[in-house]
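One point on numbering: in our numbering, the residue at position 637 of the sequence shown is 657, and numbering is uninterrupted.
All residues carry an ideal CB built from backbone N, CA and C; glycine is no exception.
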Amino acid sequence: MKISTSAFGFPKIGPNRELKKAIENFWKGNDKEELFSEAEAVDLQRIEEYKNAGIDSIPSNDFSLYDAMLDLSTMFNIIPDRFAGITDPLEQYFAMARGTKDAPACEMTKWFDTNYHYIVPELKGDLHIIKNRPLYSYNFVEKKAGIQTRPVIIGPFTFIALSKLIQKDDQGNPQTIKAIESPLFPKMAAQAASVYNQILKELENRGVEWVQLDEPAAALDLTNEQETALLDAYIIATERLSSLKIQVQTYYEAVSGYKRVVERLPVAAIGLDFTCNDDNLNNIRKHGFPSNKILVAGVVSGRAPWKTDIRQAVNLVKELASIVGEERLVISNAAPLSHLPYSLDPEHGHLNPNVIKLLSFAKERLAELTQIKNIINNNAPIPDQNLQAIRDLFKNDEVRQKLAMLDLDDAQREPSFKERYETQMKLYGLPLFPTTTIGSFPQTKEVRKARADFRAGRITADEYNSFIQDSIKEVVKLQEDIGIDVLVHGEFERTDMVEFFGEKMEGFAFTKNGWVQSYGTRCVRPPIIYGDVSRPEKMTVDEVVYAQSLTNRIMKGMLTGPITITNWSFYRRDIPKSEVVYQIALALNDEVLDLEEAGIKIIQIDEPAFREAVPLKKAKQADYFKWAVTAFKLSNIGVQPETQIHTHMCYSEFNEIIEHILAMDSDVISMEASRSKGDLIEAFEKFNYDHGIGVGVYDIHSPRIPTVDEMEEIAERTIRVIDKSLFWINPDCGLKTRGYEETLPALKNMVEVARRLRKKYALVSK
Ligand code: GLN
Ligand code: ZN
């Protein structure tokens, strides 16, 4: 017997984002039939990719028009009441994803620790099958491509774990909790499992041989009870099945409770991720693998775009084969390939050829699986990849030495916050409750057009620069007129807060067509950090200094922080993530010091990704916090006490991380709080946060203009738990997605809040 290959999760968007275009055209009024036929073509093209790459077990149902979780919600009749009146299923499906005039969209949230976002199911009662989508997909592929496939479905445990539960409280008001945190969780998982059992029965009756149930939630830190719920769910899901074989696929981390879960799951095959770290490998070395199961070994990455070191992968596969036996070993991608761009093909002639040699996107991943299989089964030669030699071309000794010489434990600002803050505030002459914004101002059609024209060479650099300067001039005047205290230049020169910096630093590459789905039809092209990072030239100084020259008020410099730049890029894996982040922090530090030297008093370093970069497993979190905090401190090390460092983050669950945010020692942090002020304020009740802080007093995600009263109320609630002399007033986030017609009145109202508060508290505070 020999090993075979399996794969799943190939990108759904099509090689040139055909699916995105088809769906958006449908939203603009195109026929449903047109949408379906284009979507089917994209799906079938994916099937061809699996086939052409020689993959042995080809999946179906790993495609979706919008989101796989949303597919399940609609398939199981989990339709929130506010959408129940929409009778057309497709219309209802998109309404849940995007909202309508009358009904807000379902919540969207991050899928595990990836940059993909799913639509959160709103559970109220039991699940019911409306449509067996996997069966439909199986039949479709058989009819169109003539092959028998392995339907892929998100498993019952993960589906329920990632849902939210809507319950009534004592007063009959609806209350929402994360299903996995509810005492009802095991019961709900069991109920879901019985519905899955019916789906599986139907697939068995149709003659399907294998089904893959994805259970990434089995790789979270599960409690004993949750592990039991997982095992119980599978006993129910597999009841009375005879010929159908189930493969439970875990990924992103090592499976929780390895020995117990792997042994007891009543299924024919278990998929483990061997690329995320060595934990699964160490577990299998230690505990072995049950002799009645097949191991689907994820040996090539679904998340990082780096070429697989084939020799290393072959050695891994050989070791696994020695443990489980070749006849029980299938090799696969470790996580869905949809986290990767479609193919490297369009990048030839665009990216540096040496960078290309380091990369594999989804299509190339499939080829790697076949390559590894041929080496194992047929003694095909192992290629000479020389990956390290290529990487060495992108080494920067100066950066490495600088880092090696730094005492990272000593990255501490002097004097203490209290002293610094006093000096700063006296020097700046700022009033109590200073007002500011988060950085960007509305990116109008004209702004976007000017940037695009400049990129395409339709206007000269001079024309472009003078356009940017005019925009800065306008926005400075506007902020002065409104009466904002600390001004920003508006970020008009930036398309994206990560791309802008990546393009100015060494060590980053930008693809031509490397699109990855972020959610629904939204795709992003993440920068690729392939080499050591440095900053050859100033990145932001000219614009900020120009803006400062226009006003007597303080102009805030605006940078994206090292953790966010790394996390929203494809970062290299040949050195620890902490080192990638440190290198970027050093590059930013050069910029910070240049801004300071140019006379900029306040510098904001945004870290919206600080929380989402926290590792899934608790045991790994302390280490993360240590280096992440150090990296932030490194980015502004060496500034004078008179220079004020701000940071910005946008999420509300601060409870677990607030001590680390304080350890970052920024003089001021501004935080988004739009959707759950309560949680945020609660965090401050429990924890004494004693640095400067601004809590977003209005939600910029909505076009509604907030009233003075409602913003005042939020500010009042916050200063009950935070020292008044530390409190700043700002909106939630950057204003770039808004128009001026909303921004102007909203900011005017916000400034009025500060005036009222000053009047009220001026006497008391002095
Ligand atoms: N400075 C950025 C902006 O204003 C911050 C973006 C954000 O809130 N994540 O656009
Ligand atoms: Zn924000």
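Taking only the alpha-carbon atoms, compute the straight-line gap between residue i and residue j and give it to the nearest angstrom.
i: Leu185; j: Glu38; result: 35 Å
i: Tyr602; j: His680; result: 17 Å
i: Asn587; j: Gly754; result: 19 Å
i: Gly291; j: Pro403; result: 27 Å
i: Lys32; j: Ile625; result: 35 Å
i: Gly621; j: Leu636; result: The identity of residue 621 in the sequence shown is Lys, whereas the question assumes Gly. The straight-line gap from Cα to Cα measures roughly 38 Å.
i: Gln168; j: Gln218; result: 20 Å
i: Ile657; j: Arg440; result: 14 Å
i: Phe103; j: Asn45; result: 22 Å
i: Gln391; j: Thr25; result: 10 Å
i: Lys207; j: Lys221; result: 21 Å
i: Ile739; j: Phe747; result: 7 Å
i: Ala2; j: Leu261; result: With the chain represented from 21 up to 786, any question about residue 2 goes unanswered, as that position is not in the structure.
i: Leu767; j: Glu736; result: 18 Å
i: Glu245; j: Pro236; result: 17 Å
i: Pro356; j: Tyr136; result: 11 Å
i: Glu53; j: Leu608; result: 51 Å
i: Val634; j: Asp133; result: 8 Å
i: Glu111; j: Lys415; result: 52 Å
i: Leu378; j: Glu346; result: 29 Å
i: Val467; j: Ile502; result: 22 Å
i: Asp743; j: Asn708; result: 10 Å
i: Val228; j: Lys306; result: 35 Å
i: Ser276; j: Asp234; result: 14 Å
i: Lys786; j: Glu442; result: Residue confidence for Lys786 is low, a pLDDT of 42 falling below 50, so the modelled location carries little weight; the figure read from the coordinates is stated next. Answer to the nearest angstrom: the Cα atoms are 14 Å apart.
i: Lys780; j: Ser722; result: 29 Å
i: Phe521; j: Asp427; result: 26 Å
i: Ser93; j: Ala289; result: 26 Å
i: Glu599; j: Phe160; result: 47 Å
i: Ile604; j: Asp610; result: 10 Å
i: Ile304; j: Ile180; result: 28 Å
Taking 7 Å as the line, does the beta carbon of residue i fall inside it for any heavy atom of ligand 1?
i: Ser363; result: no
Since residue i and residue j should fall inside the 8 Å C-beta cutoff, what is the C-beta to C-beta distance between them, to a whole number of angstroms?
i: Arg778; j: Phe453; result: 6 Å
i: Val741; j: Ile701; result: 6 Å
i: Cys296; j: Tyr272; result: 6 Å
i: Gln568; j: Gly619; result: 7 Å
i: Gln664; j: Asp699; result: Not a contact, Cβ separation roughly 27 Å.
i: Val215; j: Leu155; result: Not a contact, Cβ separation roughly 14 Å.
i: Ile250; j: Leu242; result: The residue you asked about is not Ile; residue 250 is Leu in the sequence shown. Correct: roughly 7 Å between the Cβ atoms.
i: Ala210; j: Ile256; result: 6 Å
i: Lys446; j: Leu570; result: With a Cβ gap of about 24 Å, Lys446 and Leu570 do not count as contacting.
i: Arg348; j: Leu315; result: 6 Å
i: Ile749; j: Ala774; result: 5 Å
i: Phe547; j: Ala651; result: Reading the sequence as shown, one finds Pro at residue 547 and not Phe. Actually they do not touch by this definition, with Cβ atoms about 18 Å apart.
i: Met517; j: Val553; result: About 16 Å separates the two Cβ atoms, so there is no contact after all.
i: Leu90; j: Pro171; result: Not a contact, Cβ separation roughly 17 Å.
With hydrogens ignored, establish whether the beta-carbon of residue i is closer than 7 Å to any heavy atom of ligand 2.
i: Glu599; result: no
i: Glu692; result: yes
Indicate whether at least one CB of chain C lies closer than 8 Å to the CB of residue i.
i: Glu367; result: Considering every chain present, this structure includes no chain C. It has just one protein chain.
| message | Run the Cβ filter for me: residues under 6 Å from any heavy atom of ligand 1, listed in the order they occur in the chain. | response | Ile458, Gly459, Ser460, Glu511, Met517, Met578, Asp626, Pro628, His668, Cys670, Cys753, Gly754 and Lys756
| said: I'd like the ranges of any alpha helix (DSSP H) spanning at least 4 consecutive residues and lying wholly in the segment 414–441. | reply: 417–425
| query | Can you list, in chain order, the stretches of the alpha helix (DSSP H) that have 4 or more residues and sit fully within the segment 130–191? | reply | 153–165 and 176–181
| Which runs of the alpha helix (DSSP H) spanning at least 4 residues fall entirely within the segment 204–274, listed in chain order? | 205–225 and 244–257
| Runs of alpha helix (DSSP H) lying entirely within the segment 699–779, each at least 4 residues, in chain order | 728–739
| said: Runs of 3 residues minimum, wholly inside the segment 318–392: which ones carry the beta strand (DSSP E) assignment? | reply: 349–353
| request: Run through the segment 609–658 for me and flag every whole alpha helix (DSSP H) of 4 or more residues, listed as ranges in chain order. | output: 641–655
| task | Identify every run of the alpha helix (DSSP H) within the segment 31–102, keeping only runs that are complete inside it and at least 4 residues long; order them along the chain. | result | 38–47, 52–72 and 88–95
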